[in-house]
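What follows is one structure encoded as structure tokens, with my remarks underneath.
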């Protein structure tokens, strides 16, 4: 299995592109840094006992007045910015992955049904997708968040806020997947291997799952990767606006918002570094997605 | 006296990540003025690629890696793109399998014909339009004067192929390269188009390289035929000889495997196996693993085209040493 | 007493709605448009024999193929499979496993993500014919050998095979449910001529060994001659001539059949001048009145333009042609 992978065209095209290799390494560092933050971060920004207000507003270690204990400086409460970024990236990535997964599951299922069954099911699902696509996705997310906020009491909302954000971002992205999958399904369902399965009398569900699904997933992988970058950005936007993840679990967006207050009073590092981390993470994932699109597209090979 | 077209030791390569594939190897033939040369072979034999190399439209990353192509004694395989484009319209016309790839869907057929005519012939637009109508009538478009301003999609497949033929011939080239011109058409339409091509080539004295997998079309149309196998010419000679008394075991096998229309046979003469992939062309004669008359020498040494009766065959059976 | 035919169709028809969307239709003030792909086709195939349907693109031959295995439902008429109604037969797995289909495009008829082993075993598993992994593998190996491939090929993927080998895999898959009736929709049209001969030989050999019944769809008259017992010639959704293969090829009667044979390039190089039939196949959305072939027919008269001819038997041949019937042909 491994040998087949390293012999494949995908791996070959991967090794041919420096940009892609660097993106992959950067993305891997981001993911490892985020996931392993409880163990490898220099400080725990949530451990109140280890935070000293005397350390507040320390500039990055490399500039004048910096402290070697805080490589990227500290914020207004004396928390290490680097550690906060690592913990925050974890939340950002979690929301990004979960929201994308949710959008993929929903979009692929509905797209497959619409494309294979056709008729009324298709018309209904695609009109819903059309309508949703006329709203900017961030607006959809804001709307859902607003509804949940108004409907639920404060403490209950804080508890489920993370899930609300995941749901809101996921639901606003599903039409992309549904449309792509529907398009490929329309092509695959008329291919002769599907007809052969129908002659045997295989049920519609079995044909969709075993025959059509594996053959329509290629583009989903590409859009999914590109969408991961978008979802991370969407989460950051929501959190920056203060309607995203709860302040007890700050994400990169939350950190940027907090730091924003000090940007013009000289403590630029509190907001700039989380911002840079966000850009690097999103850019590397995006470049990987671009490469994947080209590598999987036989026309461009 | 030069031939109209001469292909000498043509070699076309495709660099891939697993090494270089040799798609055409040492292909040589000539076409005389007014002659129809049929190029026949199974898919992957390199027949279409030979045509593409001649008209300078090899698909990248394919490239001519050796040999020469001469049109009236002048090399055309190393010309810059722009110069080749002028030759393509004026001296070599091209007809492809799918007429839709040749016709621009956004322009009327009249505009495309007039453009080609005025580019290559010293006629003003009004004269060119008259000439275009004449051509449409010549290829059998009914009510040509009324339909000249129609768009390609307003024609049926057979009619479109007629328009393509008019387009290929209207600049009065000396050579037509026709790549599977009738394959996409129904049998009855196919017969009409073949009859048309044959008549026009004869009337205008145009030479033609007719690339097809259909031996029947070749037998009806061509003067000489080149049988290709695995990127090489296996046999070349007068069409009657190749069809009735093929010398190369591959050509005779190919002829025998065509199901006859006039009788039923219990077991068709099939050739075992299939054509090798470009990445696995056997040493020696490329046909040796499938050949019923294979000898030790065939596995070691590659035969050149050798005189074999009235044809020439790349086969050790005809070596006299 | 005659044996029940393997397959019988009576007045089989299939129409497709090719209207534009309702709003556009309203704006263009046009009615519904119906494509009559198959319009009243009747035939029967005795067990162990091959019936071929020939014709040019758009004549409805492939639609008939799909109708008789239940991929399309009929708009009119009925299909009987071994004496039973096709719908009832399709609902019963034991009956369904007796019919299989072979397709034209060897590159689209095998799921590219499946191993050959799983492709061939799919019908075996779907019908629960062989229990146990080891026994299934053994059965697949046997089938691969039967179609001239190696049992070791089972672990490979379809893209590792040539067109002809893929068609062999398709045949192995079709045979895996032990069918008696095979519908072959242009099974060799996408293949090279030397490979076509291999596949035709294989199909003929399997037929005589397994006693299969074939419905064979093709546009190639020479191929049809090699495999058929009976031949039906289709034009615009109808059968215009139906006869035993020998009779049809030695004395074609319908002007369209004769035109088709005339159109085939001559390999004998007798130098005979062919007279190709003029015109093109009309659109099945708006077929000509009377006999659909009349605009291209050299024998057409007023009756042909007004009245549609029915299939009528003369000796061994059934023809739908006024000219033949009146002795003008």
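Protein chains in written order, with our numbering: chain A, 106 to 406; chain B, 3 to 323; chain C, -10 to 318.
We treat Cβ as the ideally placed atom computed from N, Cα and C, and that holds for glycine.
Values in this document were obtained by computation on a predicted structure and should not be read as measured data.
Please indicate yes or no: does the CB of residue i lie closer than 6 Å to some heavy atom of the ligand FMN?
i              : result
residue 296(C) : Absence of the ligand FMN is noted for the structure shown, with no ligands found whatsoever.
Of all Cβ atoms in chain C, is any one closer than 7 Å to the Cβ of residue i?
i              : result
residue 236(A) : no
residue 269(B) : yes
residue 296(B) : no
residue 266(B) : yes
residue 298(A) : yes
residue 316(A) : yes
residue 150(A) : no
residue 324(A) : no
residue 222(B) : yes
residue 319(A) : yes
residue 218(B) : yes
How about residue i: is its C-beta nearer than 7 Å to some C-beta of chain B?
i              : result
residue 269(C) : yes
residue 214(C) : yes
residue 309(C) : no
residue 45(C)  : yes
residue 254(C) : yes
residue 94(C)  : no
residue 189(C) : yes
residue 211(C) : yes
residue 266(C) : yes
Could you check whether residue j and residue i sit closer than 7 Å to each other, using their CB atoms as the reference points?
i              : j              : result
residue 58(B)  : residue 86(B)  : yes
residue 40(B)  : residue 220(B) : yes
residue 321(B) : residue 232(B) : no
residue 166(B) : residue 120(B) : no
residue 289(C) : residue 298(C) : no
residue 46(C)  : residue -2(C)  : no
residue 284(C) : residue 268(C) : yes
residue 273(A) : residue 249(A) : yes
residue 133(C) : residue 142(C) : yes
residue 316(C) : residue 295(C) : no
residue 143(A) : residue 184(A) : no
Against chain A, with Cβ distances strictly below 7 Å, would residue i count as a contact?
i              : result
residue 97(C)  : yes
residue 192(C) : no
residue 85(C)  : yes
Review point. Taking one C-beta from the region 176 to 191 of chain B and one from the region 144 to 154 of chain B each time, how about it: are there three or more such pairs within less than 8 Å?
Key: no
Point to revise | Inside the region 173 to 248 of chain A only - alpha helix (DSSP H) runs reaching at least 4 residues | key: 186 to 222 and 224 to 238
Point to revise | Members of the region 303 to 314 of chain A near chain C, C-beta cut-off 8 Å | key: 303, 304, 305, 306 and 307
Point to revise | Interface positions of the region 177 to 208 of chain B facing chain C (Cβ-Cβ less than 8 Å), listed along the chain | key: 188, 189, 190, 191, 192, 193, 194, 196 and 197
Review point. Pairing CB atoms from the region 80 to 94 of chain C with CB atoms from the region 160 to 179 of chain C, are three or more of them under 8 Å?
Key: yes
Check your understanding: Taking one C-beta from the region 185 to 201 of chain A and one from the region 134 to 149 of chain A each time, how about it: are there three or more such pairs within less than 8 Å?
Key -> yes
**Study point:** Members of the region 160 to 187 of chain C that neighbour chain B once the beta carbon cut-off is set at 8 Å
**Key:** 181, 182, 183, 184, 185, 186 and 187
Check your understanding: Touching or not, the region 198 to 216 of chain A and the region 286 to 299 of chain A, by the rule of three or more beta carbon pairs under 8 Å?
Key -> yes
Exercise for review: Give the residues from the region 137 to 157 of chain C that approach chain B closer than 8 Å (Cβ to any Cβ), ordered along the chain.
Suggested key: 151, 152, 153 and 154
Exercise for review: Check whether the region 100 to 118 of chain B touches the region 168 to 175 of chain B, counting contact only when three or more Cβ pairs, one atom from each stretch, lie closer than 8 Å.
Suggested key: yes
Practice item. Output the residue ranges of the beta strand (DSSP E) runs that lie fully inside the region 320 to 370 of chain A and measure 3 residues or longer, sorted by chain position. Key: none
Review point. For the region 100 to 130 of chain C, which residues have a CB atom closer than 9 Å to at least one CB atom of chain A, in sequence order?
Key: 100, 101, 102, 103, 108, 111, 112, 115 and 116
Point to revise | Secondary structure, beta strand (DSSP E): runs of 3+ residues fully inside the region 3 to 84 of chain C | key: 23 to 34, 39 to 43 and 65 to 70
Check your understanding: What residues in the region 42 to 66 of chain C bring their beta carbon closer than 7 Å to a beta carbon of chain A?
Key -> 58 and 60
Review point. Should the region 44 to 52 of chain B be called in touch with the region 228 to 242 of chain B, which here means at least 3 C-beta pairs below 8 Å?
Key: yes
Practice item. Specify whether the region 195 to 213 of chain C and the region 37 to 53 of chain C touch according to this definition: at least 3 beta carbon pairs, one from each stretch, less than 8 Å apart. Key: yes
**Study point:** Segment contact flag, the region 103 to 110 of chain C with the region 65 to 75 of chain C, C-beta cutoff 8 Å, min 3 pairs
**Key:** no
Point to revise | Continuous beta strand (DSSP E) assignments of at least 3 residues falling wholly in the region 197 to 226 of chain C | key: 202 to 207 and 219 to 224
**Study point:** Near-chain C residues of the region 133 to 165 of chain B (beta-carbon distance less than 7 Å), N- to C-terminal order
**Key:** 158 and 160
Practice item. Identify each residue in the region 222 to 235 of chain C for which the Cβ-Cβ distance to at least one residue of chain B is less than 8 Å, and report them in chain order. Key: 234 and 235
Point to revise | Touching by the beta-carbon criterion (3+ pairs, under 8 Å), the region 4 to 12 of chain C and the region 273 to 283 of chain B | key: no
Point to revise | 3 or more residues per run - each beta strand (DSSP E) lying fully within the region 291 to 318 of chain A | key: none
Check your understanding: Hey, which unbroken runs of the beta strand (DSSP E) at 3 residues or more fall wholly within the region 9 to 74 of chain B?
Key -> 21 to 33, 38 to 42 and 65 to 73
Point to revise | Proximal residues, the region 240 to 252 of chain C versus chain B, C-beta separation under 8 Å | key: 248, 249, 250, 251 and 252
Practice item. Evaluate contact between the region 356 to 363 of chain A and the region 332 to 341 of chain A, counting only Cβ atoms and requiring at least three cross-stretch pairs below 8 Å. Key: yes
Exercise for review: Return the residues of the region 66 to 82 of chain C that lie within a Cβ-Cβ distance of less than 8 Å from chain A, sorted by chain order.
Suggested key: 79 and 82
Exercise for review: Take every Cβ of the region 122 to 131 of chain A, pair it with every Cβ of the region 161 to 169 of chain A, and state whether three or more of those distances are shorter than 8 Å.
Suggested key: no
Review point. Quick one, which residues of the region 12 to 29 of chain C are near chain A if we go by CB-CB under 9 Å, in chain order?
Key: none
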